[in-house]
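Participant: Let me begin by handing over the structure; questions about it come next.
2 protein chains.
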Amino acid sequence: MTYCLTAHVTGGLIFCSDSRTNAGTDNVSIYSKMHTFCWPGDRFFCLLSAGNLATTQGVVKRLQQDMDQNAAIHLLNLPSMAEAADYVGLINAEIQRNQVSRDTANTNFEATFILGGQIAAEIPATYMIYPQGNYIHESADHPFLQIGEIKYGKPILDRVISPELSLEAAARCALVSMNSTMRSNVTVGPPVELLIYETNSLQMGRYLSLTEEDRFYRTLGERWSQGLLRALDDLPPFSWENPPLAPPA
Amino acid sequence: MTYCLTAHVTGGLIFCSDSRTNAGTDNVSIYSKMHTFCWPGDRFFCLLSAGNLATTQGVVKRLQQDMDQNAAIHLLNLPSMAEAADYVGLINAEIQRNQVSRDTANTNFEATFILGGQIAAEIPATYMIYPQGNYIHESADHPFLQIGEIKYGKPILDRVISPELSLEAAARCALVSMNSTMRSNVTVGPPVELLIYETNSLQMGRYLSLTEEDRFYRTLGERWSQGLLRALDDLPPFSWENPPLAPPA
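From first to last, the protein sequence lines stand for chains A and B. Heads up: the first sequence begins at 108 in the numbering used here, then just goes up one per residue. Heads up: the second sequence begins at 108 in the numbering used here, then just goes up one per residue.
Here it is, written out as structure tokens:
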């Protein structure tokens with residue numbers, strides 16, 4: 108399984124992904140699901156991947172090859188984020204079709220991606236690219252996107268992520284969402300990759316790869332648990348816990 | 108969809124359920140999914156239900172009928188919680204078989220239950236009863252059970268529910284888990300039913316039915332969101348937000 112998410116706030120974009128892949132519960136590996144493409148000063152992309160590993164590797168390889176071979180269309184010459192999403196969607200569908208054509212076992216080759224980034228003076232954007240090759244983008248009302256095992260980590264995003272949130276607060280929120288998912292589902296696992304892209308920087312941004320032994324990441328998990336207990340303590344008492352004062356004698 | 112959960116703490120049992128049923132997104136109704144059976148001073152049961160509504164209604168009706176007709180086996184004469192779970196599992200499987208025998212459309216008649224309660228001097232217990240008719244019980248390491256749409260509300264339970272938690276804190280935690288699920292999935296909806304059973308009371312316990320307009324329930328949701336934002340503010344800063352002090356001049 109996989110969990111990846113992006114958040115789009117005014118200050119920039121947050122990308123966060125786990126690194127566990129499994130082919131059955133007894134075949135677990137570590138693979139990065141975060142792929143970056145940058146032409147400093149002109150454009151920056153981060154691609155997060157979920158689904159069939161042969162498909163996602165095939166897609167990333169093809170994106171790289173198109174750039175290296177200076178194909179008619181590639182990530183560094185497309186004029187907009189929407190066209191970049193369309194291009195990735197097309198390649199995703201094509202790689203799946205190639206695999207299906209060889210298959211004899213009715214295998215699921217589907218893969219889902221989130222492509223986020225900024226091209227020149229365009230506003231940064233994030234796109235979720237479905238296995239069918241089509242795509243949707245985030246909005247101010249729904250500034251985050253998730254792929255893979257999305258449910259455990261969604262409530263905190265629903266309550267917290269909004270365009271006004273600072274870039275760092277959004278990054279911490281993404282890490283909490285990831286941390287909660289990893290606690291509840293062992294098929295989502297470390298290291299956690301985090302990338303923070305600042306609007307209009309058109310550079311790689313800040314990147315962290317966090318293992319479970321990482322002091323910052325451990326402290327974050329512990330403090331979050333403590334914060335939840337405090338939040339629970341602050342909830343209103345039931346009526347019988349807080350009896351009205353006796354009338355004055 | 109449905110979300111129901113129980114928590115077993117030293118002080119007693121918490122039962123919490125939503126009330127939304129749907130047959131397609133355009134056919135939404137309100138039905139209680141919480142069913143209580145009590146012989147004051149001797150035993151108390153609470154049954155939470157998820158799945159096919161005809162099956163769950165059939166099971167509850169049959170449990171009631173067996174008691175009314177003083178059948179050979181019924182909830183009020185079984186000697187243990189384990190045997191009560193077995194009895195409910197048997198009826199669940201039987202009701203499903205009856206429906207399958209009439210079906211022409213390959214319909215899913217499955218239902219899942221949580222049965223919790225206490226019989227006389229036995230320790231209170233909770234059982235999850237599967238559509239297959241078999242069942243598992245909670246443990247000190249895993250003191251909560253969930254049925255239906257379980258993922259959104261699980262992280263808070265994973266971090267907080269432990270046998271030492273007070274009955275009221277566990278009840279508030281259950282409400283938060285429910286509240287988060289309702290925010291993230293519209294097929295889980297109000298009113299929220301909450302039942303708090305105190306160990307060895309062998310009575311009905313405290314019962315609340317909370318609508319979204321209920322002041323206590325609304326305050327709880329608002330304070331929880333505020334508490335999460337505070338918990339987020341308390342998380343450790345990234346290294347670049349907190350530069351080390353310059354060495355003394």
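From the three backbone atoms N, C-alpha and C, an ideal C-beta is built for every residue, glycine too. Since this is a predicted model, take the numbers as computed values, not measurements.
(1) If I'm right that Tyr324 of chain A touches Val299 of chain A with Cβ under 8 angstroms, what's the distance once you round it to whole angstroms?
(2) For Ala338 of chain A and chain B, any beta-carbon pair shorter than 8 angstroms?
(3) Identify each residue in the region 314 to 336 of chain B for which the Cβ-Cβ distance to at least one residue of chain A is less than 7 angstroms, and report them in chain order.
(4) Return yes when the Cβ of Glu245 of chain B is within less than 8 angstroms of the Cβ of Met188 of chain B, no when it is not.
(5) Kindly give me the distance between the Cβ atoms of Met285 of chain B and Tyr110 of chain B, rounded to whole angstroms, as I take these residues to be in contact under 8 angstroms.
(6) So which residues on chain B does Ala276 of chain A lean against when the C-beta distance must stay under 7 angstroms?
(7) Excluding five sequence neighbours on each side, which residues of the same chain lie with their C-beta closer than 8 angstroms to the C-beta of Leu338 of chain B?
(8) Comparing C-alpha positions only, which one of B:Val295, B:Leu301, B:Gly223 sits nearest to Ala276 of chain B?
(9) For the alpha helix (DSSP H) containing Thr162 of chain B, list its first residue and its last residue.
(10) In the region 235 to 320 of chain A, which residue ranges form an unbroken alpha helix (DSSP H) of at least 4 residues, counting only runs that do not cross its ends?
(11) Helix, strand or coil for Leu67 of chain B? Go by DSSP, reduced to three states.
(12) Here's a check: name, in chain order, each residue in its chain whose Cβ is nearer than 7 angstroms to the Cβ of Ser124 of chain A, leaving out the five neighbours to either side.
(13) Just tell me which of A:Ala178, A:Gln206, A:Val207 has its CA closest to the CA of Tyr194 of chain A.
(14) Run the CB neighbour count on Arg166 of chain B, radius 10 Å, all protein chains shown included, and call it buried at 16 or more, exposed below.
(15) Taking the alpha carbon of Leu335 of chain A as the reference point, which residue from A:Ala281, A:Ser316, A:Ile263, A:Ile303 has its own alpha carbon closest?
(16) With Asn205 of chain A as the anchor, note down where its alpha helix (DSSP H) starts and where it stops.
(17) Could you tell me whether the Cβ of Ile243 of chain A comes closer than 8 angstroms to any Cβ of chain B?
(18) Going by the CB atoms, is the gap between Leu197 of chain A and Ala152 of chain A shorter than 8 angstroms?
(19) DSSP puts Asn129 of chain A in a beta bridge; with which residues?
(20) Taking a Cβ distance cut-off of 8 angstroms, strictly less, list which residues of the region 222 to 250 of chain B are near chain A, in chain order.
(21) With which residues is Arg150 of chain B paired in a DSSP beta bridge?
(22) Looking at the unbroken beta strand (DSSP E) that takes in Ser124 of chain A, where does it start and where does it end?
(23) Near Ser287 of chain A, which residues of its chain fall below 6 angstroms by C-beta distance, leaving aside the five closest residues on each side in sequence?
(24) Which stretch, first to last residue, makes up the beta strand (DSSP E) that contains Leu112 of chain A?
(25) Using the Cα positions of Leu183 of chain B and Trp146 of chain B, report the straight-line distance between them to the nearest angstrom.
(26) For Pro343 of chain B, go through chain A and note every residue whose CB falls closer than 8 angstroms to its CB, in chain order.
(27) Nearest CA to the CA of Leu282 of chain A: which residue from A:Gly118, A:Phe122, A:His115, A:Thr117?
(28) Can you pull out the residues from the region 250 to 270 of chain B whose beta carbon lies closer than 7 angstroms to at least one beta carbon of chain A?
(29) Go through its chain and collect everything with a Cβ distance to Ala200 of chain B's Cβ below 6 angstroms, but skip five positions before and after it.
(30) For the alpha helix (DSSP H) that Glu217 of chain B lies in, which residues bound it at each end?
(31) CB Ser332 of chain B to CB Arg266 of chain A, shorter than 8 angstroms?
(32) Is Arg204 of chain B close to chain A? Criterion is C-beta to C-beta, closer than 8 angstroms.
(33) Could you check the C-alpha separation between Gly119 of chain B and Tyr304 of chain B for me, to the nearest Å?
(34) Please decide whether Ser124 of chain B counts as near chain A, where near means a Cβ-Cβ distance under 8 angstroms.
(35) Provide the residue(s) that pair with Leu155 of chain A in DSSP beta bridges, ordered along the chain.
(36) Starting from Ala338 of chain A, trace the alpha helix (DSSP H) both ways and give me its first and last residue.
Facilitator: On the basis of the coordinates in this document:
(1) Position 217 of the first sequence holds residue 324 of chain A. Position 192 of the first sequence holds residue 299 of chain A. Contact holds; Cβ gap of about 7 angstroms.
(2) One-based indexing of the first sequence puts residue 338 of chain A at position 231. At a cut-off of 8 angstroms, the C-beta of Ala338 of chain A has a neighbouring C-beta in chain B.
(3) So the close ones are Phe323, Thr326, Leu327, Arg330, Trp331, Ser332, Gly334, Leu335, Leu336.
(4) The residue you call residue 188 of chain B lines up with position 81 of the second sequence. The residue you call residue 245 of chain B lines up with position 138 of the second sequence. Contact flag unset, no.
(5) Locating residue 285 of chain B in the second sequence gives position 178, where the first residue counts as 1. Locating residue 110 of chain B in the second sequence gives position 3, where the first residue counts as 1. The Cβ separation is near 6 angstroms, so the contact holds.
(6) Here residue 276 of chain A corresponds to residue number 169 of the first sequence, with the count starting at 1. Going along chain B in sequence order, the residues near Ala276 of chain A (Cβ under 7 angstroms) are Leu339.
(7) Taking the second sequence and counting its residues from 1, the one referred to as residue 338 of chain B is at position 231. Sequence check: residue 338 of chain B is Ala here, not Leu. Closer than 8 angstroms at Cβ, skipping near neighbours: no residue.
(8) Position 169 of the second sequence, counted from the first residue, corresponds to residue 276 of chain B. Across the set B:Val295, B:Leu301, B:Gly223, the C-alpha of B:Leu301 shows the shortest separation from the C-alpha of Ala276 of chain B.
(9) Stepping through the second sequence from its first residue, residue 162 of chain B is reached at position 55. That run of the alpha helix (DSSP H) goes 160 to 175.
(10) Counting only runs of 4 or more, we get 261 to 267, 274 to 291.
(11) Given a span of 108 to 356 for chain B in the structure shown, any question on residue 67 of chain B remains unanswerable.
(12) Along the first sequence, read from residue 1 onward, the residue named residue 124 of chain A stands at position 17. Counting only Cβ-Cβ distances below 7 angstroms, and skipping sequence neighbours, we find Cys111, Lys140, Met141, Leu155, Glu300.
(13) Taking the first sequence and counting its residues from 1, one reaches residue 194 of chain A at position 87. Measuring from the Cα of Tyr194 of chain A, the nearest candidate turns out to be A:Ala178.
(14) Along the second sequence, one-based indexing puts residue 166 of chain B at 59. Residue 166 of chain B is actually Val in this sequence, not Arg. Val166 of chain B should be labelled buried.
(15) Along the first sequence, read from residue 1 onward, the residue named residue 335 of chain A stands at position 228. Ranked by how close their Cα comes to the Cα of Leu335 of chain A, the residues A:Ala281, A:Ser316, A:Ile263, A:Ile303 have A:Ile263 in first place.
(16) For the purposes of this step, residue 205 of chain A is identified with residue 98 of the first sequence, where counting begins at 1. Looking at the DSSP string, the run of the alpha helix (DSSP H) that includes Asn205 of chain A is 188 to 209.
(17) Taking the first residue of the first sequence as position 1, residue 243 of chain A is located at position 136. Judged by the 8 angstroms Cβ criterion, Ile243 of chain A is not in contact with chain B.
(18) Working through the first sequence from its first residue, we reach residue 152 of chain A at position 45. Working through the first sequence from its first residue, we reach residue 197 of chain A at position 90. Residue identity check: residue 152 of chain A is Phe in the sequence provided, not Ala. The Cβ-Cβ distance between Phe152 of chain A and Leu197 of chain A does not fall below 8 angstroms.
(19) Mapped onto the first sequence, residue 129 of chain A falls at position 22. DSSP, once it has assigned bridges, lists A:Val135 as partnering Asn129 of chain A.
(20) Residues passing the 8 angstroms Cβ filter: none.
(21) Along the second sequence, one-based indexing puts residue 150 of chain B at 43. B:Trp146, B:Ile226.
(22) Working through the first sequence from its first residue, we reach residue 124 of chain A at position 17. Start and end: 119 to 124.
(23) Locating residue 287 of chain A in the first sequence gives position 180, counting from the first residue. Cβ neighbours of Ser287 of chain A within its own chain (closer than 6 angstroms, five residues either side excluded): Tyr259, Gly260.
(24) On the first sequence, position 5 is the one that residue 112 of chain A refers to. Run containing Leu112 of chain A: 110 to 116, per the beta strand (DSSP E) assignment.
(25) Counted from its first residue, the second sequence places residue 183 of chain B at position 76. Counted from its first residue, the second sequence places residue 146 of chain B at position 39. Whole-angstrom Cα-Cα distance: 7 angstroms.
(26) Position 236 of the second sequence, counting from 1, holds the residue named residue 343 of chain B. Neighbours of Pro343 of chain B on chain A, chain order: Phe323, Thr326, Leu327, Arg330.
(27) Taking the first sequence and counting its residues from 1, one reaches residue 282 of chain A at position 175. Comparing Cα-Cα distances from Leu282 of chain A to each of A:Gly118, A:Phe122, A:His115, A:Thr117, the minimum goes to A:Phe122.
(28) The region 250 to 270 of chain B vs chain A, Cβ under 7 angstroms: Lys258, Tyr259, Lys261, Pro262, Ile263, Asp265, Arg266, Val267.
(29) For the purposes of this step, residue 200 of chain B is taken as residue 93 along the second sequence, with counting starting at 1. Cβ neighbours of Ala200 of chain B within its own chain (closer than 6 angstroms, five residues either side excluded): Gly240.
(30) Your numbering for residue 217 of chain B matches position 110 in the second sequence. Taken as a continuous stretch (DSSP letters only), Glu217 of chain B belongs to no alpha helix (DSSP H), as it is neither H nor E.
(31) Working through the second sequence from its first residue, we reach residue 332 of chain B at position 225. Working through the first sequence from its first residue, we reach residue 266 of chain A at position 159. Cβ atoms of Ser332 of chain B and Arg266 of chain A: closer than 8 angstroms.
(32) Position 97 of the second sequence, counting from 1, holds the residue named residue 204 of chain B. Not an interface residue.
(33) One-based indexing of the second sequence puts residue 119 of chain B at position 12. One-based indexing of the second sequence puts residue 304 of chain B at position 197. Roughly 5 angstroms separates the two Cα atoms.
(34) In the second sequence, residue 124 of chain B corresponds to position 17, counting from 1. It does not; no Cβ of chain A falls within 8 angstroms.
(35) Stepping through the first sequence from its first residue, residue 155 of chain A is reached at position 48. Answer is A:Met141, A:Ile221.
(36) Position 231 of the first sequence, counted from the start, is the residue given in the question as residue 338 of chain A. Ala338 of chain A -> alpha helix (DSSP H) spans 322 to 340.
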